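Novice: These protein sequence lines map, in sequence, to chains A and B. The opening position of the first sequence corresponds to residue 0 in numbering that gives the first Met the number 0, with each subsequent residue numbered one higher. The opening position of the second sequence corresponds to residue 0 in numbering that gives the first Met the number 0, with each subsequent residue numbered one higher. So that we are looking at the same thing, I have put the structure below in structure tokens.
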Amino acid sequence: MPEPLDQVLHLIFDEYQEQLLEKWVESQLHSDGFRSYLVQEDELREQCSSFVTLFVNCFSKKNHPDMTSDAWAPMAALLTDIAKRRTNQGFTPSETATFVFSLKRPLFHLIKEQSQADAKVTERLWEISLVLDTLGLFTTEVYLATREEVITRQREEMFELSCPVVQLWDGVLGLPIIGTLDSKRTQLVMESLLETLSSTQSEITIIDITGVPVVDTLTAQHLIRTVSAAQLMGARCIISGIRPQIAQTMVHLGVSLGDVVTKSTMAAAIKYAFEFQGLEVNPINK
Amino acid sequence: MERIPILHVGTLLLVTIQVDMHDRLATNLQEDLTHRLSETHAKGVLIDISALDIVDSYIARIVGNIAQTSRILDAHTVLVGMRPPVAMTLVEMGVTLEGVSTALNIDKGMLLLNKIINK
Numbered sequence: 000m001p002e003p004l005d006q007v008l009h010l011i012f013d014e015y016q017e018q019l020l021e022k023w024v025e026s027q028l029h030s031d032g033f034r035s036y037l038v039q040e041d042e043l044r045e046q047c048s049s050f051v052t053l054f055v056n057c058f059s060k061k062n063h064p065d066m067t068s069d070a071w072a073p074m075a076a077l078l079t080d081i082a083k084r085r086t087n088q089g090f091t092p093s094e095t096a097t098f099v100f101s102l103k104r105p106l107f108h109l110i111k112e113q114s115q116a117d118a119k120v121t122e123r124l125w126e127i128s129l130v131l132d133t134l135g136l137f138t139t140e141v142y143l144a145t146r147e148e149v150i151t152r153q154r155e156e157m158f159e160l161s162c163p164v165v166q167l168w169d170g171v172l173g174l175p176i177i178g179t180l181d182s183k184r185t186q187l188v189m190e191s192l193l194e195t196l197s198s199t200q201s202e203i204t205i206i207d208i209t210g211v212p213v214v215d216t217l218t219a220q221h222l223i224r225t226v227s228a229a230q231l232m233g234a235r236c237i238i239s240g241i242r243p244q245i246a247q248t249m250v251h252l253g254v255s256l257g258d259v260v261t262k263s264t265m266a267a268a269i270k271y272a273f274e275f276q277g278l279e280v281n282p283i284n285k
Numbered sequence: 000m001e002r003i004p005i006l007h008v009g010t011l012l013l014v015t016i017q018v019d020m021h022d023r024l025a026t027n028l029q030e031d032l033t034h035r036l037s038e039t040h041a042k043g044v045l046i047d048i049s050a051l052d053i054v055d056s057y058i059a060r061i062v063g064n065i066a067q068t069s070r071i072l073d074a075h076t077v078l079v080g081m082r083p084p085v086a087m088t089l090v091e092m093g094v095t096l097e098g099v100s101t102a103l104n105i106d107k108g109m110l111l112l113n114k115i116i117n118k
């Protein structure tokens, strides 16, 4: 014979599912701090409905929620989808988690109504559970905020590390660029390049973009700006390391590098720079 | 009236701008330079702006005009010693300085001018 509580649950799932769903959606829409502009009511209702259906389904198959098991797989998929959407919609982690937790109130309420359990005890249980949930969510928020800080710091460090200007030869500078070129980085790259140009009085700079994954119109524009700034100061720039796919994309996009000298490899660029300076590399005669 | 000195060195005219450029000074320079060019038949003009912290679009245009006028009077213009912040600002403003060659310092500028003239 099943436990009395199980009977109540079955009763709720079978008879009161509609009511549960309705109450849940209502409670979410009217809860404190719910930001209705982030999500449409229709979308929320649809998510809730799918969740309740799946929840009843999965819960009756297997009581213990093991998200890796087959029984809970559809639920895992649904929650992944919802969580991803909410991340993009701008919900906080707590708000996203509260979507699931908020089902507890209407569910507890129904259980209380349908079972003969002591009303006072269930009320206290609910309160305790609410407090614990809030505390748990708080730790998640703090954890995520800390992680975010770490990521921000690492990004800043990467910025500083990622635009070294190296002196290849007397009067020849090398600027290997690794990673995507956005406006902020271009600014940094440009600054450090121009400063080094002025301090070393180098005539030629080789900008190597082997490590740049994509060159779109914006990246090309950033490159051209760096090159023009160097030219204004009286230095020449060579762009090297344009990969075949990137060259194709650039032509496809109609991106033009103007009259900037381009070389396929850093080696070819160095050779060109030497020629420009009237230098030659010869083997030593023994 | 305040004027920027123009030095005649060999076949070149050398202009070193040591004071803050204002618009009147720039127009004066353009006039003086044109006169000196026709007087001296110089083949090159070297403008050193290494002391300038600010170059606005008007000054940039005057430099462009000087280069064009010099070209008509059979002389080449080389602008030398532009500071990094100035270069960045000019690029930001979309100034290209058509017809003006650039060099890092006076020494390199002279080499470049001699190369162009002797071609």
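The beta-carbon is built from N, C-alpha and C at its ideal position, and this holds for glycine as well. Only a predicted model underlies this, so the values are computations on that prediction, with no experimental measurement involved.
Give me the chain B residues within the contact set of A/Leu193, using Cβ-Cβ distance strictly less than 7 Å, ordered along the chain.
Specialist: Within 7 Å Cβ-Cβ: Pro83, Ala86, Met87.
Novice: Using a cut-off of 9 Å between C-beta atoms, extract the partners of A/Gly233 located in chain B.
Specialist: Those within 9 Å of A/Gly233 in chain B are Val77, Leu78, Val79, Gly80, Met81, Ser100, Thr101, Ala102, Leu103, Asn104, Lys107, Gly108, Leu111.
Novice: Just the Cα atoms here: how many angstroms apart are B/Gly108 and A/Gln88?
Specialist: If you take the alpha carbons of B/Gly108 and A/Gln88, they lie about 57 Å apart.
Novice: Take the Cβ of A/Phe50 as the centre, count every other Cβ of all protein chains shown within 10 Å, and call the residue buried at 16 or more, exposed below.
Specialist: With 16 or more Cβ atoms within 10 Å of its Cβ, A/Phe50 is classed as buried.
Novice: Could you name the residues of chain B that A/Ala228 contacts, counting a contact when the two beta carbons are closer than 7 Å?
Specialist: Residues of chain B passing the Cβ test: Ala86, Met87, Val90.
Novice: Does any residue of chain B have a CB that is nearer than 7 Å to the CB of A/Ser198?
Specialist: Chain B contact via Cβ: absent.
Novice: Would you report the Cα separation of A/Ser239 and A/His63, rounded to the nearest angstrom?
Specialist: Distance between the alpha carbons of A/Ser239 and A/His63: 59 Å.
Novice: Would a C-beta distance cut-off of 7 Å place B/Val77 and B/Ser100 closer than the cut-off?
Specialist: Yes; because the gap between Cβ atoms is below 7 Å, this pair is in contact.
Novice: Quick check: the Cα distance between B/His34 and A/His221, rounded to an integer number of angstroms?
Specialist: If I take the Cα positions, the gap works out to 40 Å.
Novice: Output the boundary residues of the alpha helix (DSSP H) element that contains B/Gly43.
Specialist: It is not in any alpha helix (DSSP H) - B/Gly43 instead sits in the beta strand (DSSP E) that spans 43-47.
Novice: At a CB distance below 9 Å, what residues from the stretch 39-50 of chain A approach chain B? Give them in sequence order.
Specialist: Residues: none.
Novice: Confirm, please, whether the CB-CB distance from A/Val226 to A/Cys236 is below 7 Å.
Specialist: Cβ atoms of A/Cys236 and A/Val226: closer than 7 Å.
Novice: To the nearest angstrom, report how far apart A/Ser48 and A/His9 are at their CA atoms.
Specialist: Their backbone Cα atoms lie some 18 Å apart in a straight line.
Novice: Report the partner residues of A/Asp303 according to the DSSP bridge assignment.
Specialist: With chain A covering 0 to 285 only, the question about residue 303 of chain A has no answer from this structure.
Novice: Report the CB separation of B/Val85 from B/Val54 in whole angstroms; it is logged as a contact under 8 Å.
Specialist: That belief holds up - the Cβ atoms of B/Val85 and B/Val54 are roughly 5 Å apart, short of 8 Å.
Novice: Note down, in chain order, each residue of its chain lying with its Cβ closer than 8 Å to the Cβ of A/Ile241, except the 5 sequence neighbours on either side.
Specialist: Closer than 8 Å at the Cβ level, and outside the excluded window around A/Ile241, lie Ile208, Val214, Met249, Thr261, Ser263.
Novice: On the criterion of 16 or more Cβ atoms from any shown chain inside 10 Å, does A/Met0 qualify as buried, or is it exposed?
Specialist: Residue placement at A/Met0 cannot be trusted, given a pLDDT of 40 that sits under 50; what the coordinates show is reported in the next sentence. When all chains shown are included, A/Met0 counts as exposed.
Novice: Note down the Cα distance separating A/Val99 from A/Trp23, rounded to an integer number of angstroms.
Specialist: C-alpha separation (whole angstroms): 10 Å.
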